[in-house]
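Q:
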Amino acid sequence: MMKKKSVSARKASLVLFLCQMISALDVPLDSKLLEELSQPPTITQQSPKDYIVDPRENIVIQCEAKGKPPPSFSWTRNGTHFDIDKDAQVTMKPNSGTLVINIMNGGKAEAYEGVYQCTARNERGAAISNNIVIRPSRSPLWTKEKLEPNHVREGDSLVLHCRPPVGLPPPIIFWMDNAFQRLPQSERVSQGLNGDLYFSNVQPEDTREDYICYARFNHTQTIQQKQPISVKVFSMDSLNDTIAANLSDTDIFGAKPVTERQPVLLTPTGSTSTKVELRGNVLLLECIAAGLPTPVIRWIKEGGELPANRTFFENFKKTLKIIDVSEADSGNYKCIARNRLGSAHHVISVTVKAAPYWITAPRNLVLSPGEDGTLICRANGNPKPNISWLANGVPIAIAPEDPSRKVDGDTIIFSHVQERSSSVYQCNASNEYGYLLANAFVNVLAEPPRILTPANKLYQVIADSPALLDCAYFGSPKPEIEWFKGVKGSILRGNEYVFHDNGTLEIPVAQKDSTGTYTCVARNELGKIQNEVHLEVKDPTMIIKQPEYKVIQRYGQVSFECVIKHDSTLLPTIIWLKDNDELPDDERFLVGKDNLTIMNVTDKDDGTYTCIVNTTLDSVSASAVLTVVAAPPTPAIIYARPNPPFDLELTGQLERSVELSWIPGDENNSPITNFVIEYEDGLHEPGVWHYQTEVPGTQTTVQLKLSPYVNYSFRVIAVNEIGRSQPSEPSEQYLTKSANPDENPSNVQGIGSEPDNLVITWESLKGFQSNGPGLQYKVSWRQKDVDDEWTSVIVANVSKYIVSGTPTFVPYEIKVQALNDLGYAPEPSEVIGHSGEDLPMVAPGNVQVHVINSTLAKVHWDTVPLKTVRGHLQGYKVYYWKVQSLSIRSRRHVEKKILTFRGNKTFGMLPGLEPYSSYKLNVRVVNGKGEGPASPDKVFKTPEGVPSSPSFLRITNPTLDSLTLEWGSPTHPNGVLTSYILKFQPINNTHELGPLVEIRIPANESSLILKNLNYSTRYKFYFNAQTSVGSGSQITEEAITIMDEGKEDWKKEIVNGSRSFFVLKGLTPGTAYKVRVGAEGLSGFRSSEDVFETGPAMASRQVDIATQGWFIGLMCAVALLILILLIVCFIRRNKGGKYPVKEKEDAHADPEIQPMKEDDGTFGEYSDAEDHKPLKKGSRTPSDRTVKKEDSDDSLVDYGEGVNGQFNEDGSFIGQYSGKKEKEPAEGNESSEAPSPVNAMNSFV
């Protein structure tokens, strides 16, 4: 029995230490394995370092350790061997190192005070415990003392001292009265950390004689009591009465009334103090103040914030508590006591020191012979701890030498360890505030492989889910793991498997064909072992007919269906829930094999009903909602989809046909138009339904053609104008007999992927096309046009086969024939394929370039021999690039262009070349593999061409008789510029063009001043550049010389402000005038001006119709009509209406006429209708010489037939308003439009 108990204990210990092993060698937590492995001792349980014991009870010093073989135990006391056998009061527990010191049987605890240490040792090393300091608890009595009553004046402060006896551990202090009731505490009265009771100010109600301090010693469960303290508080009134009775009249001065006082700190005293606390402890800082009114305490940290989530205030904020302090909490903490008379403060300088704490504690190391490893012991503290190593409890400096061990500060390095290197090492990190001691063993094992997974273990999974096959193993050195399928199968590799470090084989998506026996093999240099496990892949559980949403009338009956399909080897259970809870315990709920029926439905049956199907491997569920409604009135006719057909029956089963019949469901007021028949192949594609055929809605039977080796199920769907019904229930299954394949794979191709192979591909037959089990393919090939036999190979159900070692790009005859266990398909047809292509070997030769013009060239080459193409000839590629421009002489980034000429061409055209440039080109042949080598670069040059238009033409500095022209050279000179050609001609006021003047300008000029021009005259300019080939495209501009303002004085006319136009009389025909219109009002004087020209003078032979009587009569009639119209417009305007002429003008606005800008009173710029060139800012004359006011309410437009017109000298209308275009000069391609007359203005100055 003792041996069994020891073995059980060893199991627990190994579980504990193996959790700490490094990755050098992982030992599985297997009980049988752990019983057999050797292990150095490990301390698993020990008493605390500072062990305070109850002197009335036996002392138990714990020391538990485990190892293989079981360790023996010994103790030291105060650094020397403690011989247990010589002390009758001391015993050691069996199979343990725990000491029991018998105090209750006559021993004294004080006699056993000291420092104890336990050592656990076996043949592989020795582990030691911490130094355990044993001290008995002490609870001494209070020393007797005579306590004088405390007489205190009202409002003064008071401190009642407790001064408890020194105990071990220190007692817990609290104040109570004679009735053992705790004394109430507040901001005014509170207990300090030292146990004293502080009064910030006393009140008359503080008078009592039973202030008692109690000290509770937890270890001995005793409470000591101090003698009661008496406090008497004198009020000011009673004090004055006492003084008056004892003093003469001359001496009576009276006690002062209670006076308020600003805060004074009772504890701590002074302005500053210091405190040292250890890292990880609780920091307690205290400030208690006297004062009247009672002061309020506030805490701050100078130069920082109090740590969030670790700061607490106790004792009415008089105590600051910070838990789990760290070095970052060092600093100055200030407490501030404040009342309305002032404040007092105290600064406590806190220093946080640290006993040693682990950064990296040493971890057990399990190694194989010859391996390397390290033990690392890193600790921190304040001050920095010292690190020392021990081996088997002995300082490493005097321990037996080990050639595989090297100590480097806090690290021990092991190299090429042997089994004798097994030991237990101790790391000691210590400073003035404490120490850390850790044991870590080095266990060197040489073990042959072992497989811990039970043999022939069975794994069951659902198809399409992961399968994990375990192979838990152990060995030293670490074994290598390999998996095989079947007894003689090949090693498993590939992406369909995942091999885990712990030996587990994962099949991410298990299929039915994954079922089988798998073998795990573990081997290292000491041996080999294998184990077999078995995998079964089950069909998934499915709900093939789910419960559906139901609306049922109250007191009716409703049924939910839950028809399932499952693996035949699994036993399903069906559970029904209502609103995710159990069904009500009500006999109205009837649970059938595949349905739930609710009788006599009530409103409380509303809810969601869920069908849950469970097997040992999977679970599925489906839900539906039940809505209970009141019985409705007779509804209108509802047209809906038909109900599904039912009662499907198969008859006349033959090898290749069967007859299916059914009964239609309710058509729901819409006749059934047709039935759709679908089938499921339960053998090859279970759960997938395919379209078979469809028949008219009047037909309820159909003869169906079948394929061999298919497990058929059929269903029928009814269709009407509303839609399709739900599918019917599946028919019974019908498995057709196997047969030879009827057809061969389609889309057979032979295309090489490498120069020395032929990749034969085809589209595999579908599952039902196989016509039987064991579908395979016979792949045959032979080189075309060579007297050679067919080479054949039979492959599994794949879609590709690679023939290696073929010549480069030769034709092959290929055929692929299907076969199964019953035989072959019909003889397949042959297709022609080619083995892999390689890059062409030679470049095209005799490359010639014929330059057709400055932008087009034709390139010729000789075709390459077809044998050198080594592939399908796809064409030729011409690479060409511009080397440099012959005119600019500046290199730029070379951008190669590529033209591809399909087929076996021998020439091609190169368009889009730049004139006067140097080009290079080469030609390459292209096949399916890529491009062949390039021909030698061929250099050719394009001739000069005509230049592009000058980049710009600006006309500036207009004067009376000159204009300055500036231009930029063409962007593309396309050759050597020889000159510029400038042509210009005047444009008169009728847009008639004057004589054309031509000037030739040297190519190196960029500006020109034209002189001797007419003043106030518009000129049109045509400008282009020339090379030796000819003139380039021209650029045009227009400009006006300025008018001579000094020849005429300004004339001024005052016009009534209600008028919207004014007729200027006495103007000279064909003359430019500047007109200024101004208005004066409350906001001051504002004006705008513009320039226009009068029309040409009439020919002298023209009759002056103004003197004709008929014309005078006509004008009078027109004037009368105008007057009437003005009166009507004036009336409408006063009524808020709009002038008809304005409406008409708005409707026929000329888009060419730009409105006057309202902000500055200027007119829109000139715009030529032909070339859309705006007039330069130097001119202020609009294109049609029109002065237009945007806000005019009236217009002259409606009084003519167009937008242009002329005045006689007396202001009468002459001619039509429409202008005419003049012909352009022979060299030009521009046009101008005739000007328009003056429109309306209020007045002119």
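In this text, residue positions in the sequence shown follow the numbering used here: the first is 3, and each later residue adds one.
Note that the Cβ used here is the ideal one computed from N, Cα and C, for glycine as well.
Considering Leu439, what are the terminal residues of the beta strand (DSSP E) in which it resides?
A: Segment 436-446, the beta strand (DSSP E) holding Leu439.
Q: Sorted by chain position, which residues of the same chain lie with C-beta nearer than 6 Å to Gly109's C-beta, five sequence neighbours on each side aside?
A: For Gly109, where only same-chain residues beyond five positions count, the Cβ hits under 6 Å are Gln91.
Q: Given this structure, state the Cα-to-Cα distance separating Val750 from Leu821, to the nearest angstrom.
A: C-alpha separation (whole angstroms): 16 Å.
Q: Check for me: the beta strand (DSSP E) holding Lys802 runs from which residue to which?
A: Note, Lys802: beta strand (DSSP E), 802-806.
Q: Measuring alpha carbon to alpha carbon, tell me which residue in Phe75, Arg956, Ile105 is nearest Asp56.
A: Comparing Cα positions, the closest option is Ile105.
Q: Using a 10 Å radius around the Cβ and a threshold of 16 neighbouring Cβ atoms, would you call Glu508 buried or exposed?
A: It is exposed - the Cβ of Glu508 has fewer than 16 other Cβ atoms within 10 Å.
Q: Rounded C-beta distance between Asp212 and Phe201? I'm assuming under 8 Å.
A: Incorrect: roughly 16 Å between the Cβ atoms, too far for contact.
Q: For the putative contact between Asp744 and Asn713, defined by C-beta atoms under 8 Å, what is the C-beta separation to the nearest angstrom?
A: Actually they are not in contact, since the Cβ atoms of Asp744 and Asn713 sit about 18 Å apart, beyond 8 Å.
Q: Hey, quick one: how far does the beta strand (DSSP E) through Thr1096 stretch, first residue to last?
A: Neither: Thr1096 is in no beta strand (DSSP E) and is coded neither H nor E.
Q: Quick check on DSSP: helix, strand or coil for Cys1131?
A: Looking at Cys1131 - three-state DSSP - the assignment turns out to be helix.
Q: Going by DSSP, what residues sit across from Met911 in a beta bridge?
A: Paired residue(s): Lys860.
Q: For Met601, does the three-state DSSP call read helix, strand or coil?
A: Correct three-state label for Met601: coil.
Q: Starting from Val871, follow the beta strand (DSSP E) in both directions and report where the run begins and ends.
A: Element bounds for Val871: not the beta strand (DSSP E) but the alpha helix (DSSP H), 868-871.
Q: Under three-state DSSP, which class holds Gly932?
A: If DSSP states are grouped into helix, strand and coil, Gly932 belongs with coil.
Q: According to DSSP, which residues form a beta bridge with Tyr711?
A: In DSSP, Tyr711 forms no bridge with anything.
Q: Where Ile506 and Leu471 are concerned, what is the direct C-alpha to C-alpha distance, given to the nearest angstrom?
A: Strictly speaking, residue 506 in this sequence is Thr, with Ile absent from that position. Each residue's alpha carbon lies about 6 Å from the other.
Q: In this structure, does DSSP put Tyr1021 in helix, strand or coil?
A: Tyr1021: strand per DSSP, three-state reduction.
Q: Determine the DSSP secondary structure at Ile1001, reduced to helix, strand or coil.
A: Of the three classes helix, strand and coil, the one that applies to Ile1001 here is strand, per DSSP.
Q: Counting only runs that start and end within the stretch 508-574, where is the beta strand (DSSP E) found for 3 or more residues in a row?
A: Segments of the beta strand (DSSP E) lying fully in the stretch 508-574: 518-526, 529-540, 544-547, 552-555, 560-563, 565-567.
Q: Can you grab the Cα-Cα spacing for the pair Gly977 / Glu916, in whole Å?
A: If you take the alpha carbons of Gly977 and Glu916, they lie about 10 Å apart.
Q: To the nearest angstrom, how far is the alpha carbon of Asn311 from that of Tyr118?
A: Distance between the alpha carbons of Asn311 and Tyr118: 40 Å.
Q: Going by the DSSP bridge assignment, what does Asn1026 pair with across the sheet?
A: Answer by DSSP bridge pairing, in chain order: Ile983.
Q: What are the boundary residues of the beta strand (DSSP E) that includes Pro450?
A: Here the beta strand (DSSP E) through Pro450 covers 449-453.
Q: Quick test of your reading: Thr617 and Leu572, contact by CB under 8 Å. State the CB separation rounded to the nearest angstrom.
A: Right, their Cβ atoms sit about 4 Å apart.
Q: Assign Ala113 to buried or exposed, taking buried as 16 or more other Cβ atoms, counted over all protein chains shown, within 10 Å of its Cβ.
A: By the 10 Å Cβ count, Ala113 comes out exposed.
Q: Using the beta-carbon count (16 or more within 10 Å), is Ile414 buried or exposed?
A: That one is buried.
Q: Return the Cβ separation of Asp587 and Val565 in integer angstroms, given the expectation that the two are a contact with Cβ distance under 8 Å.
A: Wrong, their Cβ atoms sit about 26 Å apart, outside the cutoff.
Q: How about the stretch 761-775 and the stretch 716-726: do they share at least three Cβ pairs that are nearer than 8 Å?
A: Contact between the stretch 761-775 and the stretch 716-726 is absent, because fewer than three Cβ pairs lie under 8 Å.
Q: Starting from Ala1271, trace the beta strand (DSSP E) both ways and give me its first and last residue.
A: Coverage of the chain is limited to positions 3 through 1247, which leaves residue 1271 absent and any answer about it impossible.
Q: Sort Arg123, Gly69, Glu37 by Cα distance to Trp77 and report the nearest one.
A: The residue with the shortest Cα to Cα distance from Trp77 is Arg123.
Q: Check whether the stretch 928-946 and the stretch 865-885 touch, using three or more Cβ-Cβ pairs below 8 Å as the test.
A: Yes: at least three Cβ pairs fall under 8 Å.
Q: If you reduce the DSSP assignment to three classes, tell me which class Met1045 lands in.
A: In this structure, Met1045 counts as coil in the three-state DSSP scheme.
Q: How big is the Cα-Cα spacing for Thr793 and Val861?
A: Rounded to whole angstroms, Thr793 to Val861 spans 47 Å at the Cα level.
Q: Skipping 5 residues on each side, what residues in its chain have a beta carbon closer than 8 Å to that of Gln555?
A: So the list reads Val603, Val630, Val631, Ala632, Ala633, Pro634, once near-sequence residues are dropped.
Q: Where does Ala1027 land, buried or exposed, given buried means 16+ other C-beta within 10 angstroms?
A: With 16 or more Cβ atoms within 10 Å of its Cβ, Ala1027 is classed as buried.
Q: Distance check for Asn533 and Lys459, CA to CA, integer angstroms please.
A: Using only the alpha carbons, I get a separation of about 9 Å.
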